[in-house]
Amino acid sequence: MGYCAVTRDGERFMATFGVLIFAADNLTNPQNPGFFPAEDNSHRSDLQNGDQLTWNGGGESAFIEIDDPSGTSFDELETDQTLVTSLTFDGSTYSSGQVLTPSYTIIFSGSDGNNYTLTSLIFAAGGQPRIPDAIFWEGSIPPAGTVLTVTSERDPKGNQARNYLDFVACFCEGTLIETKDGPKAVEQLTCKHKVATLHGHFMSIKAVCNRGIACSELLDNPNLRPVVVSQGALGRGLPKRNLRVSKQHRFLVSSPICRRMFGTDATLVSAIQLTQLPGIFIDTKTNDLRYFHILLQNHEIIFAEGAPTESLHLGKGTLKALPQETVKEITSIFPDLLDSGFLPKSVELIPEGRRQKKLIARHLKNNKPLLTKDMTLSLAQ
């Protein structure tokens, strides 16, 4: 979903809307490889009903903010929709104040059984038909590999203009966790489910803990704000969709740089350290949220939106950060946690924060992905 923020800019009010845009390297277009479908004279695409594209994901994306003082819809007929900050995207640089407009909206039937809505945009005022510069999704982003079949199109102007609040901005609702029964939204998980682990096993869930955080608490304690990991930001097209986690939640990094720095092929790195990378940032716009923790018998690598990440790690710091009722629930399952000499085991090396930061900086400097090995599922039944 998108967001709206209203602020005062000089003597006028500035309505700012957040949008996650994608470049053409995220999809396969058989009619014109390497490019989006072109806009025709009817202000629709040059595709026909039944034509197909494939959404691959993992390509270039950017989070932009649009200033639109005249409305809440992205309208092809308007000329006051502008970039809030400068942007370098898909080989071009656009200045703050650059006009941008939508060009067409396509509704697809996905090979996964779901429908998806795509709108294209150009970094210019509406006018002569041309190939779009970027696209964005409404509602949800297709999983990587989804074949998209055109079912209908719209010209995004007037009463068919697209509402900003429907755009996919910085996260997807219902983070999908891989289980024995297939992907499940984290809020649907119970102790009856078994989650998939990196080592090829399905592990029973001991507890699913959650904590709601209201707007007032986020204002008082900004450290509670989540980190957004955009689709494909970890490499190899992962995560498959945008997801958000707490700042201290850790993701697996596996690369030759890990081996050189730590003598091991893989380490766990906190989300806050990953914000050095493009497409990973702190969500400053959400008004409330709910964090979920998945507790297994041991600390494990599980899959969230396809990305290898950790289950709840029961260190002393973790227990201090959890609500008292949650601590009681966990210690009733693992009474050894109350032993002052208890030392929790981690499934992979967890370097200290300074070393994590250096690890990510080296990947960024050398333009290396965080996952150079195939970390997709290989599961024992």
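The UniProt record's numbering puts the first residue of the sequence shown at 1, with every later residue one more than the last.
Glycine included, each C-beta is placed from N, C-alpha and C at the ideal position.
| Item | Value |
| --- | --- |
| Just reading off the alpha helix (DSSP H) that residue 273 is part of, what are its end residues? | 271 to 274 |
| When you compare the CB positions of residue 62 and residue 89, do they come within less than 9 Å of one another, or not? | yes |
| Could you give the DSSP three-state label for residue 84: helix, strand or coil? | coil |
| Looking only at DSSP bridge pairs, what is residue 122 linked to? | 101 |
| Can you give me the start and stop residues for the beta strand (DSSP E) that residue 65 sits inside? | 61 to 67 |
| If I measure Cβ to Cβ from residue 109 and keep anything under 7 Å in the same chain, skipping five residues before and after, which residues do I get? | 115, 149 and 151 |
| Could you name the residues of the same chain whose beta carbon sits closer than 8 Å to that of residue 227, not counting the 5 residues immediately before and after it, in chain order? | 244, 245, 246, 247, 249, 271, 272, 274, 275, 280, 281, 282 and 283 |
| When burial is assigned at 16 or more other CB atoms within 10 Å of the CB, is residue 371 buried or exposed? | buried |
| Under 8 Å by Cβ, that's how I've got residue 100 and residue 121 pegged, so tell me the actual separation to the nearest angstrom. | 6 Å |
| Figure out for me which residue from 42, 67, 64 and 107 has the closest Cα to the Cα of residue 130. | 42 |
| Mind checking whether residue 255 and residue 363 have CB atoms under 9 Å apart? | yes |
| Counting along the chain, where does the alpha helix (DSSP H) carrying residue 215 start and finish? | 215 to 220 |
| Just mark residue 44 as buried or exposed, buried being the case when its beta carbon has 16 or more other beta carbons within 10 Å. | buried |
| Exposed or buried, what is residue 181 when buried is set at 16 or more other beta-carbons lying within 10 Å of its beta-carbon? | exposed |
| Comparing C-alpha positions only, which one of 35, 83 and 328 sits nearest to residue 133? | 35 |
| What residue range does the beta strand (DSSP E) around residue 304 cover? | 301 to 304 |
| Would you kindly check if the distance between the Cβ of residue 74 and the Cβ of residue 37 is under 9 Å? | no |
| What's the C-alpha gap between residue 368 and residue 332? | 43 Å |
| State the Cα-Cα distance for the pair residue 251 and residue 117, rounded to the nearest angstrom. | 30 Å |
| Could you tell me whether the Cβ atoms of residue 85 and residue 54 are closer together than 9 Å? | no |
| Report the partner residues of residue 117 according to the DSSP bridge assignment. | 107 and 138 |
| Give me, in chain order, the residues of the same chain whose beta-carbon lies closer than 8 Å to that of residue 366; leave out the 5 immediate sequence neighbours on both sides. | 257 |
| Rounded to the nearest angstrom, how far is the Cβ of residue 233 from that of residue 348, given a contact under 8 Å? | In fact, because the Cβ distance is near 20 Å, the residues do not count as touching under 8 Å. |
| In chain order, what residues of the same chain lie with their CB nearer than 8 Å to the CB of residue 357, ignoring the 5 residues before and after it? | 273 and 276 |
| Can you tell me the Cβ-Cβ gap for residue 231 and residue 57, rounded? I've got them flagged as a contact below 8 Å. | 5 Å |
| Within 10 angstroms of the Cβ of residue 345, are there 16 or more other Cβ atoms? Answer buried if so, exposed if not. | exposed |
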